[in-house]
Each structure stands twice: as structure tokens, then as C-alpha cells.
Amino acid sequence: MTSETQLPDPLWNDLKARWQELADLGGIGSLLGWDQSTYLPAGAAAGRSRQQALLSRMAHARATDAGYGRLLDAAQSRTDLSPAQTRTVALARKNFEEATRLPADFVAAWSQHGGDSYSAWTTARPDNDFARMVPFLEKSLEFSLQAASYFPEFGDPMDYFIDQSDEGMTAQGVGDVFSKLREALVPLADAVTLAGPPRTDFLSRHYPTATQLSLGESVIRDYGYDFTRGRQDLTHHPFMTRLGGHDVRITTRVKAGDPTEALYSTLHEAGHALYEQGVLDEYLGTPLGGGVSAGVHESQSRLWENQVGRSRAFWAAYFGKFRDTFPEQLADVSEDEMYRAVNTVARSLIRTDADELTYNLHVITRYELERQLLGGQLALRDLNDAWHAAYEQNLGLRAPSDVDGALQDVHWYFGSIGGAFQGYTLGNVLSAQFYSAAEKANPGLENDIARADFSRLHGWLRENVYAPGGRYTPAELVERATGQAMTVEPYLNYLREKYGELYGVN
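All residue numbers in the sequence shown are consecutive under my numbering, ending with 1094.
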């Protein structure tokens, strides 16, 4: 009996060989990028950008090969394809048609620019020098607008970039979600911040780096992250990447004076990695062989970071281990104080450090700036000033430096501007929806977490979210897993219940 993604004939075997080759080229590109973000010597940056440009040109040539197009034509004419095969071919056709619209020289130049821009950012950020990055950003915007121009069916360039990462979503749809969240969360955050902060002084004590890393890795082993198919390293801005079918790596960063930096970066990236490690083996090396969208991917990083990692049950399971690991630093700290400290609500400048109530305001700020840049209402040379003005309006804060301003996120410095941030908030919304569905199917999950037993939660997610990979559209996956389309209500209910209990507000 053949699997649902295999046909016993030469056509399907030829397509699978093509898809595996494209996946391998993508994995090699990811390996170059992973090395650039972790161990690459500073003096080797220019050569790496050149290598990435060459690889992009080679991958683009294979992705747009006329023979490959004829194979797809033949597959689409078949009447005996299974539903999974039909979806695989449809995704492959979508990728093929999009790739053929982008000229090879353009793709190579864009890739090289992205490498050059990232390398410049790694030195401009610590030097607090936004001006150095303006020419790179201007070029990134030019590349982005040119790319969108090859797809005139998207009247708004932002719709093109959103579709690239969150299939089926539009700027209008994203805006509707953001409006509902802003309306509900701003007054809740105001009420919570007026209630007064918890004790957090112990988080600024010295916590040795190596010990922090070891402790975080022990937690994600419990979550289910498979270190025989991955590893963790340090970087400027944490990320997860798939370098091959069974090579899914994560990175983190550490602050000796704040143990939550490494812990929650590790939990966040492990959530991404659990998703990728959970995709069915038979889908690997095909268009179905990865997460289906940025929003669904972020739902998993935020679920494991927040719904699990910032829960009272989590600290019931792990506080004793943390105190045994850091006996001097936590000698005068209780489990409840730790739980409250990691759920402090305070307006802040850094998106990745933001609490759950104010986090989405950071995303909305970036998203609105991207829309202005793509729409021509904002010039890159004015981005820093616009950033400060937006933060004063949305969060009541002004960054003292560019490091904590427009230089803080790496996304715009990979060579593209547009569609980079909405997935984080869509992920927040979906994280609560998925967790609620998992809890309904597995009553008592909180008790499991309090025992550091994640088998039922991980098992439900693996079956309903991870294993399908790209088998369904994002909207189809959400409805199949949760029984309804994406909705903000489970997320808002989760936040109101959690922070209402923590801070005594309604």
C-alpha cells in the first residue's frame, strides 16, 4: 500500500527528486545563514554574501527550470491524485509561478544585498549608528517594492508580502485583528500597570551564562525537543532554522543579569523547532515539509513560551530546580514571587522582552511603519524619528538610543521590508486557540504541566498541528484543529483571566 503522497510511477518519482533537490539547496542556504549568525568570522562577511548570492542564483534556476514546469503540468492533469498529492502539486505550482516571475539576476542581487545588510547591522547596532544603515534600508525598500511589482494582482504591496508568509491573509484582515486587540488590550494593560509591579529585584542578580544555558536546555528536553536532530547556539537575535530534514537548530542569547532572557528565548525557539521536528517524515523534502505559515509557526513558539512557560503550573514544576541551580540568587525568593516576576506588566522598549499585554503594541507599531514605508508615506531617512514618535504614542516611551529603537530587530536588515511582523500577533491569537482546543481534548493539562509532563500536550499538537506540515492551508488547519476559524476570543479570555487573577483587575 502506498502512502497518500506517493504514486508508483516515474512522474511522481521525478517530482519528488526535484522537490528534494530544492529542499536541499534551501537547507544549504540556511546553513550558510546559520553560520553567518553564529560562528562566521567578521572578516569573512563579504565572501559569505557572495556565496549566498551564487546559491540563490542556482536555486532559482532549478526552481524555474522549464522541465520542472512540464512535470507540474503533467501532474496537474492527473485525475488520480490523492488530496495530499493535489495540495503538494498546488503548492509546488504556486512556488514555481512565483519564482518564474522574479528574474534570476534580481534574485541573486537581492540575496547578496541581504547578506551585506545583515553584516552591516551586526556592527551598526552595537555602535548605535542607525545612519550607517539608512543606505542599506533604502536599497532593501527598492528591492521589496520591485519584487511586489512583479505581482500586480496584489494591489497593495503589503498584501503580497503577507501572502508570502501567511497564505490567505490580507492587510485588511490583519488590520481587523489588530483593531480588536488594541481596543481590548490597551485598557487592560492600563488597569494592570496601575495596580503596581511585583517584586523583581532578584532577576537582576548574577546568573552564570553556562548554567543558564544548561538549565534552559533541560526544560526543552522535557518539552520534547530532540537534540539528536538539533542543537542550540548563541546569536545576536534568536531564531530557529531547518538545515535538513532531520536537522532543526535553535539559537538564543544570554544576559548574566537577567535569567529570563535566555530561558524564554530558548522556550520560544524550541516551540518553533518542535513544530518542524513534528512534521511527518513522508512530507520532508516536498512542498509540504515545513510549517504552514508564519502565524501558525509563531503560535507554537508563543504557546510553549507563554501559555506553558509563564504559567503557574510551569513554576510549580520547575521553581525547585531553578532554586537548586541558583541557590544564592534565589535563596530569598518564593515560587509565587518567581511566577509573578516573569509575568510583570510594564511598558517597555524591547519587543522580545515585552510582556503579554503590551507585546502586540510593539508588533502593531512595526507593522504600521512598514505600511507607511511601502506606501511611500515615510522615507527611510525619517524612520528613526517616526519610530520614536510611534513609541511615544503607542507605549508612552522614547528609546534613549538607536540600539533600542529602529535597530533592535534584525528583520529589516536581512534585505527586505514588508510582512515581517504581523505573524507574531497572529501567532499570539492562535496560540490560545490551539491551547484551548488541546485542553478541551485533554482535560487536566495544567496538572500535567505541574508535574513537568508534556506528553499529552505535545502529542495533541504533534497530531493536529505539526504532522500535517503544509498539507492544509492555514485557515483549514486552524479549523480542523480547533473546530472554528481564527478568533481573538480565546486569546482575550486567557489574558483577562490570567492577569485579572494576578493583579486583581477586571
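A virtual CB, placed ideally from N, CA and C, is assigned to each residue, including glycine.
Asked: Is it buried or exposed, Thr874, if we count other Cβ atoms within 10 angstroms and call 16 or more buried?; Found: buried
Asked: How many angstroms separate the CA atom of Ala978 from the CA atom of Leu1014?; Found: 21 Å
Asked: So for Asp715, helix, strand or coil by DSSP?; Found: coil
Asked: Who pairs with Val836 in a beta bridge, going by DSSP?; Found: Arg830
Asked: For Asp846, which of helix, strand or coil comes out of DSSP?; Found: strand
Asked: Under the three-state reduction of DSSP, which class applies to Asp821: helix, strand or coil?; Found: strand
Asked: At what residues does the alpha helix (DSSP H) containing Gly763 begin and finish?; Found: Ala759 to Leu782
Asked: So, are the CB atoms of Gln800 and Pro847 less than 8 Å apart?; Found: yes
Asked: Roughly how many angstroms separate the alpha carbons of Gln895 and Gly657, rounded to a whole number?; Found: 44 Å
Asked: What separation, rounded to the nearest whole angstrom, lies between the Cα atoms of Ser887 and Tyr1012?; Found: 8 Å
Asked: Starting from the C-beta of Arg689, find all residues in its chain whose C-beta is less than 8 Å away, skip the five residues before and the five after it, and write them out in chain order.; Found: Tyr738 and Phe739
Asked: Suppose the cutoff is 7 Å on Cβ atoms and the five residues either side in sequence are ignored; what does the same chain contact list for Ala929 look like?; Found: Pro786, Arg787, Thr788 and Leu791
Asked: Spatial neighbours of Asp704 within its chain, please: CB distance less than 6 Å, with the 5 preceding and 5 following residues excluded, ordered by chain position.; Found: Ser637
Asked: Taking C-beta to C-beta, are Ala858 and Ile808 nearer than 8 Å?; Found: yes
Asked: Quick check on Met1074: does DSSP put it in helix, strand or coil?; Found: coil
Asked: Using 7 Å as the cut-off, classify the Cβ of Phe815 as near or not near the heavy atoms of the ligand HEM, replying yes or no.; Found: Judged by which ligands are present, the structure shown has none, so any question about the ligand HEM falls away.
Asked: DSSP on Pro671, reduced to helix/strand/coil?; Found: helix
Asked: Helix, strand or coil for Ala654, going by three-state DSSP, please let me know.; Found: helix
Asked: Going along the chain, which residues of its own chain have a beta-carbon closer than 7 Å to the beta-carbon of Leu831, five neighbours each way excluded?; Found: Gly615, Ser618, Leu619, Trp622 and Arg837
Asked: Taking Tyr906 as part of the alpha helix (DSSP H), name the residues at either end of that continuous run.; Found: Arg900 to Thr913
Asked: Tell me where the alpha helix (DSSP H) around Trp607 begins and ends.; Found: Pro598 to Thr626
Asked: Identify which residue in Asp747, Ala772 and Gln752 has its Cα closest to the Cα of Gly761.; Found: Asp747
Asked: Please identify the residue among Tyr1001, Asp764 and Phe910 whose C-alpha is closest to the C-alpha of His825.; Found: Tyr1001
Asked: Run through DSSP, which three-state label would Thr1013 get?; Found: helix
Asked: Less than 6 Å between C-beta atoms, sequence neighbours within five positions excluded: which residues of the same chain meet that for Val951?; Found: Phe1009, Tyr1012 and Thr1013
Asked: Between the beta-carbon of Thr932 and the beta-carbon of Asp943, is there less than 8 Å?; Found: yes
Asked: Count Cβ pairs between the region 629–649 and the region 900–908 that sit closer than 8 Å; are there 3 or more?; Found: no
Asked: Counting along the chain, where does the alpha helix (DSSP H) carrying Arg890 start and finish?; Found: Ala882 to Arg890
Asked: What do you get for Asp624, buried or exposed, if any count of 16 or more other CB atoms within 10 angstroms of its CB means buried?; Found: Inspection of the sequence shows that residue 624 is occupied by Gln rather than by Asp. Gln624 comes out buried.
Asked: Considering only C-alpha positions, which residue in the set Asp653, Leu1045, Glu870 and Phe815 is nearest to Pro1056?; Found: Glu870
Asked: With a Cβ-Cβ cutoff of 8 Å, do Gln1018 and Gly883 count as a contact?; Found: Looking at the sequence itself, residue 1018 is Leu, so the reference to Gln does not match. In this structure, Gly883 lies closer than 8 Å to Leu1018 by Cβ.
Asked: On the three-state DSSP scale, how would you describe Ala1008?; Found: coil
Asked: Buried or exposed for Ser732, please, with buried defined as at least 16 other CB atoms from any protein chain shown within 10 angstroms of its CB.; Found: buried
Asked: Going straight from the alpha carbon of Leu868 to that of Thr1061, what length do you get?; Found: 16 Å
Asked: Alpha carbon to alpha carbon, how far is Arg675 from Met589? Give it in angstroms, no decimals.; Found: Residue confidence for Met589 is low, a pLDDT of 32 falling below 50, so the modelled location carries little weight and cannot support an answer.
Asked: How do the region 1021–1029 and the region 1045–1053 stand: do at least 3 beta-carbon pairs fall below 8 Å, yes or no?; Found: yes
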